[in-house]
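The sequence shown begins at 389 in this note's numbering and counts up by one.
Using N, Cα and C, we set each Cβ at its ideal position, and we do this for glycine too.
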Amino acid sequence: MAMPQHWKTVRLAGALGAEIHGPDVRNPTPDDIAALKQLLLEHLVLFLPDQAPSPREHVAFARHFGPLEGHPNLSSDGDLPPELFQLKASQGGVADEWHTDLTFQDQPSILSILRMVKCPEVGGDTMWSSLYAAYDELSEPMKALCSGLTALHDALPHNKPDSMAIHPVVRRHPETGREALYVNEHFTRRIVEMRAEESEALLRHLTAWVQNPRFTVRYTWQPGCIAIWDNRCTQHFVLNDFVGERVIQRATVSGDQVEPAGDLNWQPWVRPGRLSATSRHDRQLYFYLKNRAKTRTDADPV
Ligand SMILES: [Fe+2]
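Written out as structure tokens, the structure is:
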């Protein structure tokens, strides 16, 4: 797919990220959308500066990338279409912990399409990290270990700890076929197949590893910029280093099934022996698995 001739791509870092000059999100042609999809697969996060869509035009643009979903936990602003949700720094809306959007869902969103409505003059940058690079640079034994594991994610940061899902620790991107390291500091709680202590040590390492500056890009915003990122192979983080207001509006493209990159042959960790004071470390995983088994049995045809 050729890029429209008047467009210009400016790469922003070695690992990921590009600014695309030329498109107008208010009125894209099918070729424009196809080109943006191709550029997104290549650069993982795209920035389209100087865009001025209305909220409805923002939603219409986002729909070209797939069906949209509202935010499951955070309410939208009453004046906006339901497919857009707004985050205001003055109301606590600063996502200053590394995460991939909505990984506590069974089918986490594949793309997010954000418009910067208002940003501080200085500070409030966002960073993204390439989960391809984070996986590729693991040692071979660590790749082999991680590819056989799954992890439990929950929405505790949204005060919904019962909203949980299990995903492979390494996922295969359905379009590029590449492996991505899919655990994040914000939503990932527990490696399912490991003891609590082992899980804690491995997750601490992996969630810090994806933050390695070499895997990242940092973007300084101007109002009107649209960012599109692929949640299947990136994480992001907002620098909470500013005073004053910062407002974003986001459309979220519905998710897909997370495909593992390797064979998942290990059983979930089950603590042997009787209950004790340390059983609490396994309580969340135990009850999640128990409820899941019950739900599956209930759903079975009789
Ligand atoms: Fe986010």
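Residue environment: Arg-684 is assigned as exposed (fewer than 16 neighbouring CB atoms within 10 Å of its CB, all protein chains considered).
When the Cα atoms are used, Gly-536 and Leu-434 turn out to be separated by approximately 31 Å. Thr-491 sits away from His-624, with the two beta carbons spaced by 7 Å or more. Annotated three-state conformation of Gln-479 is helix, per DSSP. With 16 or more other Cβ atoms from the protein chains shown falling within 10 Å of its own Cβ, Asn-619 counts as buried. Within the same chain, and ignoring the five residues on either side of Glu-407 in sequence, the residues whose Cβ sits closer than 6 Å to its Cβ are Val-398, Phe-435.
In this structure the stretch 575-588 touches the stretch 534-548; the number of beta carbon pairs closer than 8 Å is three or more. The Cβ neighbour count for Ser-517, taken over all protein chains shown within 10 Å, is at least 16; the residue is labelled buried. Using a Cβ-Cβ distance cut-off of 8 Å, the stretch 557-567 and the stretch 662-678 are not in contact, since fewer than three pairs of beta carbons, one from each stretch, lie closer than that value. By the neighbour-count criterion, in which 16 or more other beta carbons inside 10 Å mark a residue as buried, Val-658 falls on the exposed side. For His-561, no alpha helix (DSSP H) segment is defined, and its DSSP state is neither H nor E. Going by C-alpha positions, Ala-448 is about 15 Å away from Leu-499. Its Cα nearest to that of Asp-524, the residue Cys-621 stands out among Gln-610, Cys-621, His-574, Gly-511.
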